[in-house]
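Under the working numbering, think of the first position of the sequence shown as 4, with each following residue one higher.
All C-beta atoms, glycine included, are put in the ideal place defined by N, C-alpha and C.
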Amino acid sequence: MMRQYELVERVKSYDPGADEDALNRAYVFSMKAHGTQKRASGDPYFSHPVEVAGILSDKKLDCDSIITGLLHDTVEDTLATMEDIQSLFGNDVARLVDGVTKLSQIETLSDRAKQAENFRKLLLAMSEDIRVLLVKQADRLHNMRTLKFIRNEKKRVRIARETMDIYAPLAERIGIRDWKDELEDRAFAELNADARDSIVKRLNFLRDESGDIVGRVTAELKQTLAEFGVEAEVIGREKSPYSIWRKMQRKNIGFEQLSDIMAFRVVVQDVTDCYQTLGAIHGHYRVVPGRFKDYVSIPKPNNYRSLHTSVYGPENQRIEIQIRTQEMHEVAELGVAAHWQFKQNVMTDGRQYRWLRELLEILEHAEAPEEFLEHTKLEMFSDQVFCFSPKGDLMELPRGSTPVDFAYAVHSEVGDTCVSAKVNGQAAPLRTELKNGDQVEIQTSADQTPSPNWEGFVATGKARACIRRFIRSQTHEQYIRLGREIVERAFRREGKKVLKKTLKGVLVKFSCPTLDDLFDIVGQGRYTGQDIFNAAYPAAGDANRRANKKSGNGKAGPNDFAVPIRGLIPGMAVHLAACCHPLPGDQIVGIVSTGKGLTVHTNDCETLDNFVDMPEQWVDVQWEAGAEGENNHVGRLVVILANRPGSLAALTAVIGRDHGNISNLKITDRSQEFFEMQIDIEVSDVGHLTNIIAGLRADPSVGSVERARG
Ligand code: MN
4 MMRQYELVER VKSYDPGADE DALNRAYVFS MKAHGTQKRA SGDPYFSHPV
54 EVAGILSDKK LDCDSIITGL LHDTVEDTLA TMEDIQSLFG NDVARLVDGV
104 TKLSQIETLS DRAKQAENFR KLLLAMSEDI RVLLVKQADR LHNMRTLKFI
154 RNEKKRVRIA RETMDIYAPL AERIGIRDWK DELEDRAFAE LNADARDSIV
204 KRLNFLRDES GDIVGRVTAE LKQTLAEFGV EAEVIGREKS PYSIWRKMQR
254 KNIGFEQLSD IMAFRVVVQD VTDCYQTLGA IHGHYRVVPG RFKDYVSIPK
304 PNNYRSLHTS VYGPENQRIE IQIRTQEMHE VAELGVAAHW QFKQNVMTDG
354 RQYRWLRELL EILEHAEAPE EFLEHTKLEM FSDQVFCFSP KGDLMELPRG
404 STPVDFAYAV HSEVGDTCVS AKVNGQAAPL RTELKNGDQV EIQTSADQTP
454 SPNWEGFVAT GKARACIRRF IRSQTHEQYI RLGREIVERA FRREGKKVLK
504 KTLKGVLVKF SCPTLDDLFD IVGQGRYTGQ DIFNAAYPAA GDANRRANKK
554 SGNGKAGPND FAVPIRGLIP GMAVHLAACC HPLPGDQIVG IVSTGKGLTV
604 HTNDCETLDN FVDMPEQWVD VQWEAGAEGE NNHVGRLVVI LANRPGSLAA
654 LTAVIGRDHG NISNLKITDR SQEFFEMQID IEVSDVGHLT NIIAGLRADP
704 SVGSVERARG
């Protein structure tokens with residue numbers, strides 16, 4: 004175990020400004036807090052946080068990260084509280100320790116391998132500060148180093164599996180290659196010890212047989228490239244047992260065929276040198292067909308760039324070669340961190356951990372340069388929340404989601420029938436906004452149906468679509484019921500029975516596929532029961548109309564047609580309001596007044612303001628289907644027209660061209676420059692008038708055109 008002064012010396016060696024006093028206090032605080040606790044190895048528990056701090060210092064992390072490493076298990080496993088840490092070490096450290104503690108708590112909630120991808124996202128999303136993730140990774144690395152001391156095999160396997168599925172890929176993602184390799188190798192040793200042993204034996208055998216082959220090949224490659232005039236750094240290594248194993252599985256090969264166990268990296272000055280190096284190698288050695296890949300021209304999605312090839316190298320061994328520039332190398336080895344370091348050229352100032360601070364700054368200020376893949380990833384996940392079901396299933400939801408969204412994400416039936424929810428064991432309103440890591444339990448009831456109110460707060464498209472579909476189907480059913488009654492009543496009035504056969508005969512006429520659809524349109528008020536009856540018995544309908552005509556007074560004219568309004572009280576006089584001149588197609592409402600009968604206004608008529616306190620006088624009315632007729636209706640426009648020769652002619656020309664008839668025209672105001680006038684135009688419906696308005700607005704002599712609104 005590293006001693007207190009050793010750790011402090013180490014941190015001070017790369018960060019002379021580190022807070023020595025705080026480091027010492029953290030060391031002592033952690034030691035006292037963990038007291039006599041022991042690790043599975045029999046070591047004092049305290050050795051673990053010290054080792055974690057040591058691993059973090061290997062990466063030259065800042066002082067706060069090291070302190071967090073020392074304290075990371077104190078809140079979870081000892082009597083120490085968040086408040087203690089805050090008062091002793093300040094807000095920043097407290098925030099980091101809190102973050103690591105939360106990740107550790109989440110960890111115990113789900114151990115399902117199939118959810119690894121989601122879980123990785125969750126960890127990223129929860130690690131608002133990347134240092135939280137780094138401390139967590141170091142923690143895992145030390146736990147893997149001491150995994151063999153855990154006696155319970157099931158537990159060992161679970162931890163190894165989780166490391167393989169979650170922590171190794173995460174280490175790769177944040178670009179710490181050696182942590183990734185070690186995590187993978189240690190997990191491999193636990194999960195498939197036999198396979199690993201066989202590969203290691205084979206590697207040892209090959210090594211014994213051929214000595215320092217990596218060294219010899221490296222030297223020869225260097226020599227060859229120098230002959231071609233390329234100045235390059237050549238690094239050779241043996242592949243890790245796990246990557247060899249993966250390749251054996253992928254290519255389905257056995258140990259005996261296992262020959263390409265070495266990989267070489269050639270690092271050169273610039274992109275031109277990359278291709279020159281490739282040419283030199285391909286010219287000098289026999290190429291293994293089908294292995295060349297150009298990730299320089301077409302980088303991998305994570306910005307990885309390199310040329311890959313395989314050749315039969317010196318001593319006729321198959322070797323893999325990666326060719327790249329120094330910048331590509333930094334990006335490949337250290338991920339986003341190095342990328343930043345490289346860009347900022349801060350490597351030279353000796354404060355290598357500085358990338359972290361810089362990265363944190365970027366993370367805090369959301370200006371994301373596109374090339375920061377991991378940052379972009381973090382950002383991307385910040386639009387999402389990850390929540391658990393009571394069974395530990397992980398649900399990925401957009402930020403702002405509620406228990407209703409969660410319920411619909413589980414299954415639409417769960418959503419449709421959800422009545423209440425518990426979040427982290429506490430009853431919570433259905434509109435509660437969920438947070439990362441929340442555990443959500445939904446209570447359902449067979450009697451429950453979706454509430455239209457839910458639509459106001461759900462965040463997922465699925466929930467919204469389900470709620471709407473349900474409401475639509477509900478109203479659809481209501482319309483069908485209503486429509487059936489209306490049709491039956493109409494037929495009864497005419498002394499006929501409603502026969503399915505009769506109704507089916509008129510379906511085509513109303514373009515309805517089924518009887519329910521027919522009832523639906525009647526229920527919605529688009530047709531009356533009488534319309535259906537008339538269609539079913541055309542002869543009877545004609546007779547009725549003839550009878551009606553005879554009883555009329557014989558006068559005819561545009562203002563003397565029967566007002567084509569439905570929803571009327573039989574026998575009541577009806578007229579269209581002169582203030583707003585409603586037209587078929589307008590939204591309308593009727594006002595009943597004694598002595599005048601029913602006056603129909605447009606919905607937006609200002610006259611209606613006079614009736615707001617008299618709801619009993621308001622009647623819902625609608626236009627009859629087919630109410631629009633050839634210029635049967637009068638619309639009124641208020642027009643402001645330029646006071647110059649020809650403008651009135653232009654106005655009448657536009658109206659005439661659009662088949663409107665001016666029935667009245669009154670100048671209401673006139674100035675040096677403008678006429679204001681009221682024009683009544685005979686039109687067929689509101690669409691017709693709208694056309695005329697559009698035509699007038701397009702005319703340069705017209706200042707403005709509006710419909711009269713009371
Ligand atoms: Mn720990």
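- Listed in chain order, the non-local C-beta contacts of residue 668 below 7 Å within the same chain comprise 680, 682, local neighbours out to five positions each way being set aside.
- Put simply, the backbone Cα of residue 711 is about 10 Å away from that of residue 642.
- Between the beta-carbon of residue 294 and that of residue 308 there is about 17 Å, and that puts the pair past the 8 Å contact cut.
- Under the 10 Å beta carbon count, residue 487 is surrounded by 16 or more other beta carbons and is classified as buried.
- Residue side-chain check: residue 55 places its Cβ nearer than 7 Å to a non-hydrogen atom of the ligand MN.
- With a cutoff of 8 Å on beta-carbon distance, residue 217 and residue 244 are scored as not near each other.
- Separation of residue 441 and residue 312 (C-alpha to C-alpha, rounded to the nearest whole angstrom) is 47 Å.
- Pairing residue 501 with residue 439 gives a Cβ-Cβ distance that is not under 8 Å.
- Contact check for residue 437 and residue 404: beta-carbon distance about 5 Å, within the 8 Å limit, so the pair qualifies.
- Distances between the C-beta of residue 101 and the heavy atoms of the ligand MN are all 7 Å or more.
- With fewer than 16 other CB atoms across the displayed protein chains lying within 10 angstroms of its CB, residue 151 is exposed.
- Here residue 34 carries a helix assignment [DSSP, helix/strand/coil].
- Between the ligand MN and residue 76, a heavy atom-to-CB distance of less than 7 Å is present.
- Relative to the ligand MN, residue 396 has its C-beta separated by 7 Å or more from all heavy atoms.
- Taking C-beta separations shorter than 8 Å and ignoring five residues to either side along the sequence, the partners of residue 145 in its chain run 51, 54, 55, 58, following chain order.
- Residue pairing of residue 313 in beta bridges, as defined by DSSP: 323.
- When the Cα atoms are used, residue 650 and residue 511 turn out to be separated by approximately 50 Å.
- The three-state secondary structure of residue 461, taken from DSSP, is coil.
- The beta carbons of residue 103 and residue 71 sit about 6 Å from each other, so the pair counts as a contact at 8 Å.
- Rounded to whole angstroms, the separation of the alpha carbons of residue 461 and residue 17 is 51 Å.
- Listed in chain order, the beta strand (DSSP E) elements of length 3 or more contained wholly in the region 492–552 amount to none.
- The closest CA to that of residue 422, considering only 529, 407, 429, is found on 407.
- Taking C-beta separations shorter than 8 Å and ignoring five residues to either side along the sequence, the partners of residue 220 in its chain run 239, 265, 267, 316, 317, 318, 320, 322, following chain order.
- Per DSSP, reduced to three states, the secondary structure at residue 145 is helical.
- Rounded to whole angstroms, the separation of the alpha carbons of residue 477 and residue 579 is 35 Å.
- No heavy atom of the ligand MN is found nearer than 7 Å to the CB of residue 37.
- By the 16-neighbour rule on beta-carbons within 10 angstroms, residue 412 is buried.
- Around the beta-carbon of residue 674, fewer than 16 other beta-carbon atoms lie within 10 Å, marking it exposed.
- Going by DSSP, residue 664 is part of the beta strand (DSSP E) stretching over 664–673.
- For residue 607, the three-state secondary structure derived from DSSP is coil.
- DSSP links residue 639 through a beta bridge to 683.
- Rounded to the nearest angstrom, the Cβ distance from residue 166 to residue 44 is 18 Å, too far for a contact under 8 Å.
- Take residue 26, set aside five residues on each side of it, and the residues of its chain with a beta-carbon closer than 6 Å to its own are 11, in chain order.
- Residue pairing by DSSP puts residue 265 in a beta bridge opposite 241.
- By DSSP's assignment, residue 589 forms a beta bridge with 587.
- Rounded to the nearest angstrom, the Cβ distance from residue 457 to residue 445 is 13 Å, too far for a contact under 8 Å.
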